[in-house]
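There are 2 protein chains.
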Amino acid sequence: MSQTVDRALSILPLLAEGPADLGQVADRLGVHKSTALRLLRTLHEHGLVYRQSDQRYRLGARLFALAQEAMENLDIREIAHPHLVRLNEQCGHTVHLAVHEENEVLYIDKVESRYPVRMYSRIGKPVAITVAAVAKLLLADLPEPERRALADKLDYPLYTARSTPNAAAFLRELEQVREQGWATDLGGHEESINCVAAPVRGADGRVVAAMSVSAPNVVVTADELLTLLPQVRRTADAISGEYSGRTPVKGTPA
Amino acid sequence: MSQTVDRALSILPLLAEGPADLGQVADRLGVHKSTALRLLRTLHEHGLVYRQSDQRYRLGARLFALAQEAMENLDIREIAHPHLVRLNEQCGHTVHLAVHEENEVLYIDKVESRYPVRMYSRIGKPVAITVAAVAKLLLADLPEPERRALADKLDYPLYTARSTPNAAAFLRELEQVREQGWATDLGGHEESINCVAAPVRGADGRVVAAMSVSAPNVVVTADELLTLLPQVRRTADAISGEYSGRTPVKGTPA
DNA sequence: CTGGTGCGTTGCACCTACTGCAACGTCCAT
DNA sequence: ATGGACGTTGCAGTAGGTGCAACGCACCAG
């Protein structure tokens, strides 16, 4: 829409491929050297472009700083909430959003079931880390040594007969969850309650949050709940897309 | 230097603080809304800016992608080499550059000693990971569980009486290296050879490479070699600065 | 030492394309 | 209904971006 800015921004992906000198930049932009020089200078003043000792240009540190700062100020909750509400409107059950923090998994958002029988949970409360579906997803994404170290440190309380009994079983389950890309908790925390969960991923593919749908047996059976899996995954993917700023729309010029 | 581009780029740090709507952007730029709109649209087409569901703008995923791609295409060796040469010119000893890769530490560059007595080493060859100064620096930066897991997996060959004897001693040494920010190998690999090493860090502060100066006892004593530490650290810091694209120069406008 | 080539840089005249304005559409709250 | 807030569009004027040509400089070969 704005030619000058358009050209300037086209320099960035070009430099991402590797350092380039003024002539190369001008050629690939299809503009005169003097024009390219001015654009590069402007980019340089903003720190997006760095001039190395051999005079060639490359991307600068500011870019990294910006990306990082934006990351930190990104509030998953804010982004996810409308999606959670929509899912709740569709299926009626309790919807949770959870993140991993400091060896704990915490619920950070929740949309209450519209059925009279509700499950108990509280935003901000650590979840039962060894059995909750969301916890499995979040921990399954850790690098292997950390996963192992954490699994060893945990207690494995037997909430029910189906609770994860020990570190070995837990690690096996995490491996499976990691591969299939979703998780369940079928009566592992409270006999009568089942969950299905799916991961929310950031731009780099790492799991930044997990969301789940939970319902007691008296409302739907585990099998019925499992039929919601595609819907849950679709919702999680939608949140991932928005969180990582993937623009789902029209053509971006080469 | 270019007004339009200048304005467009000023939007980025502004959005890094958090999402903003058109009016806010226009105000803080001091331009008309229609102008801000056009700039935002251009940024949007390049994926640097994303429009969330509430119509507000925030930084887009492309920014991360660019930063990552630039990272990958950054060649430390290319950047470091002139610095290594300069250091070699100053002190005359062998200078090495090493990186950590797949449970190994590899020399990726080397400037030969200008003294007649040289130490043996080859670019591309894995270093003695349990004793080499550069290896200590690279491994000391790993997260604790990974460091531990790796230390357990390693063999601890007794090259000399001063070689690191076992995992416990190694981990203790890594902890110390981590805190002091430099490392040595005093006859741990070959009786008569000593090294001092310093880390090269990326924009995010993580250690991406390590460099060392090595010399045999017959040329300089260990104590004499240690007096070079400040020089080695200064060189490593210079490489870090250039690698991470920190522009050491003049004022960038607010 | 000299002439040549390749690079980044500068000043300038032309005219593109960026700007601000004002008007319109839409959505919400009153 | 009515007012306000906000994003969006078309348009006329001119700010400022563009390409050209010339310059300075470093490097290399004759």
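Protein chains in written order, with my numbering: chain A, 18 to 271; chain B, 18 to 271.
Beta carbons are placed, not taken as given, at the ideal position from N, Cα and C, and that holds for glycine.
Helix, strand or coil for A/A145? Go by DSSP, reduced to three states. coil
When DSSP labels each residue in this structure, what does A/R251 get in the three-state scheme? helix
I'd like the ranges of any alpha helix (DSSP H) spanning at least 4 consecutive residues and lying wholly in the region 170-254 of chain B. Counting whole runs of 4 or more residues, the region 170-254 of chain B contains the alpha helix (DSSP H) stretches 184-197, 239-243.
Contact under 7 Å by Cβ, B/V128 with B/V102: yes
In whole angstroms, give me the CA-to-CA distance for B/A232 and B/I210. 6 Å
Taking the straight line between their C-alpha atoms, what separation do you get for A/A220 and A/T177? 37 Å
Sort B/Q107, B/E95, B/A37 by Cα distance to B/Y74 and report the nearest one. B/A37
In chain order, what residues of the region 160-191 of chain B put their CB closer than 9 Å to some CB of chain A? P160, E161, P162, E163, R164, R165, A166, L167
Identify whether B/Y124 lies in helix, strand or coil by the three-state DSSP scheme. strand
Report the CB separation of A/A239 from A/L203 in whole angstroms; it is logged as a contact under 8 Å. Rounded to the nearest angstrom, the Cβ distance from A/A239 to A/L203 is 5 Å, consistent with a contact under 8 Å.
How about the region 89-102 of chain B and the region 21-39 of chain B: do they share at least three Cβ pairs that are nearer than 8 Å? no
Quick one: which unbroken beta strand (DSSP E) runs of 3-plus residues sit fully inside the region 62-138 of chain B? Chain order, please. 66-68, 74-76, 111-118, 121-128
Since A/V22 meets chain B, which of its residues come closer than 8 Å, beta carbon to beta carbon? Think of a sphere of 8 Å around the beta carbon of A/V22: the chain B residues whose beta carbon falls inside it are T21, V22, A25, L56, T59, L60, in chain order.
I think B/L56 touches A/V48, with their Cβ atoms under 8 Å apart; what is that distance to the nearest whole Å? No, B/L56 and A/V48 are not in contact; Cβ-Cβ is about 20 Å, not under 8 Å.
Could you pull the DSSP bridge partners for B/A157 from this structure? For B/A157, which the question treats as bridged, DSSP gives no partner whatsoever.
Let me see if you follow: with CB-CB separation under 7 Å, is B/G222 close to chain A or not? no
Between the beta-carbon of A/V148 and the beta-carbon of A/G205, is there less than 7 Å? yes
Where DSSP assigns a beta bridge to B/A37, which residues make up the other side? B/A37 is bridged by DSSP to B/Y74.
Given that A/Y74 touches chain B, what residues does it touch there, using C-beta distances under 9 Å? Simply none; closest approach about 10 Å.
Helix, strand or coil for A/G258, going by three-state DSSP, please let me know. helix
State the DSSP-derived secondary structure class of A/I28, mapped to helix, strand or coil. helix
Would you mind telling me which residues of chain B sit closer than 7 Å to A/G272, beta carbon to beta carbon, in chain order? Since the first residue of chain A shown is 18 and the last is 271, residue 272 of chain A is not available in this structure.
Supposed close pair B/S27, B/L46 - CB separation, criterion 8 Å: 6 Å
Kindly indicate which three-state DSSP category A/S19 falls into: helix, strand or coil? Correct three-state label for A/S19: coil.
Do B/A253 and B/V217 come within 7 Å of each other at the CB atom, strictly closer than that value? yes
Secondary structure of A/V151, DSSP reduced to three states: helix
Quick one, are the C-beta atoms of B/D158 and B/V225 less than 7 Å apart? no
Mind listing which residues of the region 104-118 of chain B have their C-beta closer than 9 Å to chain A's C-betas, in chain order? none
Three or more C-beta pairs closer than 8 Å, one from the region 61-77 of chain A and one from the region 254-263 of chain B: is that the case here? yes
Beta-carbon of B/R45 versus every beta-carbon of chain A: anything under 7 Å? no
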